[in-house]
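Numbering (our numbering), first residue to last: 199 to 666.
Ideal Cβ positions, reconstructed from N, Cα and C, are used throughout, including at glycine.
No experiment lies behind these values; they were computed from the predicted model shown.
One structure is given below, encoded as structure tokens.
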């Protein structure tokens with residue numbers, strides 16, 4: 199993998215067009231007219247989260263990602279727990295995207311724009327088609343997956359920038375800097391901004407997705423760091439631009455009705471650009487949800503590969519690769535199990551409530567995993583005798599505080615069925631701790647210790663140092 203492939207692995211997980219349709223709408227329900235200010239704050243908050251990833255990536259490169267980071271920073275037991283939490287988060291991104299697209303977004307588009315009501319069972323058929331596309335690219339291997347992500351992702355960003363600029367230009371007198379300064383435009387003032395920041399921060403956390411390709415990357419020490427920073431800056435700039443465009447286009451004082459519109463971004467594109475452009479935006483939102491599911495599937499597969507290779511939790515058979523060095527058994531496990539989880543959630547709770555539960559489980563797992571990684575960071579660099587107070591101690595502490603607030607506001611006041619999400623995370627943690635006790639000490643001592651940086655230092659640049 200090269201720089202742009204890693205960058206778009208991260209941008210795809212951020213899923214800018216999909217986030218505009220889902221996460222940004224959720225943040226707007228709290229931030230309302232102060233949505234742009236909320237995204238500025240969320241960029242600052244997300245930077246503290248990304249700092250931990252960036253610092254670790256300078257020293258460790260592994261398909262296990264945070265599993266390797268925490269294992270080498272603290273110990274293998276905590277590394278496995280962190281690894282399973284990030285695996286759960288990535289896995290749930292795939293499952294909730296499948297439900298959102300098939301049961302919420304497509305039916306909403308057809309109802310809003312064409313006045314077509316689909317049969318109640320249609321979401322199952324749509325989900326089979328969606329999961330089939332993701333399975334095709336994931337099974338074909340990482341190179342075809344990322345080629346698809348790079349090309350479609352570049353056009354997606356271009357379309358979103360054009361739409362945002364056109365909306366800003368068309369908004370005329372509605373353009374104002376007050377959306378960056380007036381906290382009273384938010385629902386309940388600073389409280390609304392706070393909740394909006396948490397939701398927005400989650401939408402930008404995908405910049406860490408590149409780290410699981412550490413064993414498949416040329417010069418991982420430099421390339422991964424650059425990809426993390428570049429993808430984060432891309433996402434941050436684009437989200438602030440889109441938040442401003444959506445707010446002034448809709449009207450800062452009218453943003454209370456923004457979230458209740460099923461497809462507000464498309465409505466604005468139709469209003470300020472052209473109906474044909476609105477349909478083009480819909481196509482890129484659909485594509486963004488596909489690419490935004492492919493990235494976490496590829497990430498989940500590599501985390502399973504790393505854990506299975508070490509004999510931790512998963513059977514070693516899942517670490518087997520085909521002639522293209524792709525862990526196809528892990529691909530089939532993730533996509534097959536993902537379909538079942540989405541199907542069960544949709545049947546038991548309905549597509550929309552099922553989506554809410556799965557996205558809540560994803561966010562809580564991500565936040566708890568980040569807290570563990572934040573604790574491991576200063577321990578690791580103290581052992582390496584390169585501890586820097588702000589980068590390795592202060593910044594991760596601030597990140598953990600923000601993440602704790604994120605966990606609280608994600609699940610409080612524990613309404614049904616949202617509360618099922620954190621219960622799923624707790625169940626996975628307890629299961630992981632139980633399974634860790636069954637791992638032989640001789641296996642546990644080596645778990646999470648592979649580091650492609652060390653392999654890269656030992657081999658000429660013309661050789662591939664990775665086992666995948």
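- The criterion of a C-beta distance shorter than 8 Å is satisfied by residue 463 and residue 479.
- Residue nearest to residue 550 within the set 422, 262 and 304 is 304 (criterion: CA-CA distance).
- Residue 202 holds the alpha-carbon nearest to the alpha-carbon of residue 345 among 306, 202 and 222.
- If you look at residue 303, you'll find it isn't in any alpha helix (DSSP H); DSSP assigns it neither H nor E.
- Three or more Cβ pairs closer than 8 Å define a contact, and the stretch 514-525 falls short of that threshold against the stretch 567-587.
- Counting along the chain, residue 461 sits inside no alpha helix (DSSP H), nor does DSSP assign it H or E at all.
- In the structure shown, the three-state DSSP call for residue 651 is helix.
- For residue 349, the enclosing alpha helix (DSSP H) begins and ends at 340-369.
- In summary, residue 651 is buried, with 16 or more beta-carbon neighbours lying within 10 Å of its beta-carbon over all protein chains present.
- At a Cβ-Cβ threshold of 8 Å, residue 524 and residue 340 count as neighbours.
- In the same chain as residue 643, and ignoring 5 residues on each side of it, the C-beta atoms closer than 8 Å to its own belong to 274, in chain order.
- Closest by C-alpha distance to residue 230, out of 555, 632, 299 and 378, is 378.
- For residue 419, the enclosing alpha helix (DSSP H) has its first and last residue at 418-448.
- Judged by their CB atoms, residue 497 and residue 626 are not nearer to each other than the 8 Å cut-off.
- If you draw a straight line from the Cα of residue 348 to the Cα of residue 401, it is about 19 Å long.
- In the DSSP annotation of this structure, the continuous segment of the alpha helix (DSSP H) that includes residue 485 starts and ends at 473-507.
- Put simply, of 209, 476, 279 and 332 the residue whose alpha carbon is nearest the alpha carbon of residue 501 is 279.
- Exposed is the label assigned to residue 375, since fewer than 16 other Cβ atoms lie within 10 Å of its Cβ.
- In this structure, the beta-carbon distance from residue 239 to residue 395 falls below 8 Å.
- Secondary structure of residue 465 (DSSP, three-state): helix.
- No residue range can be given for residue 379, since it is assigned to no alpha helix (DSSP H) and is classified by DSSP as neither H nor E.
- As for any alpha helix (DSSP H) of minimum length 4 sitting wholly inside the stretch 221-302, the runs are 221-229, 233-255, 264-271 and 274-298, ordered along the chain.
- 289 is the residue among 313, 289, 310 and 371 whose C-alpha sits nearest the C-alpha of residue 332.
- Straight through space, the alpha carbons of residue 281 and residue 260 are spaced by roughly 12 Å.
- In this model, residue 407 and residue 492 are separated by some 11 Å (Cα to Cα).
- Counting C-beta pairs with one atom in each stretch, the stretch 303-322 and the stretch 458-472 have three or more that are closer than 8 Å, which means they touch.
- Taking each of 209, 321, 508 and 250 in turn and checking the Cα distance to residue 540, the smallest one comes out for 321.
- If you check the CB distance, residue 268 and residue 574 come in under 8 Å.
- For residue 451, the closest alpha carbon among the candidates 285, 385 and 588 is that of 385.
- If you draw a straight line from the Cα of residue 527 to the Cα of residue 334, it is about 13 Å long.
- Under the criterion of beta carbons closer than 8 Å, residue 361 and residue 475 qualify as touching, at roughly 7 Å.
- Cβ atoms of residue 486 and residue 213 come within 8 Å of each other, at about 5 Å.
- In this structure the stretch 241-251 lies against the stretch 424-435, because at least three pairs of beta carbons, one per stretch, are closer than 8 Å.
- Inside the stretch 495-581, DSSP marks whole alpha helix (DSSP H) runs of 4 or more residues at positions 526-547 and 549-581, from first to last along the chain.
- Residue 495 and residue 371 have their C-alpha atoms spaced approximately 44 Å apart.
- Sequence-distant Cβ neighbours of residue 615 in its own chain, meaning closer than 6 Å and more than five residues away, are 547, 551 and 555.
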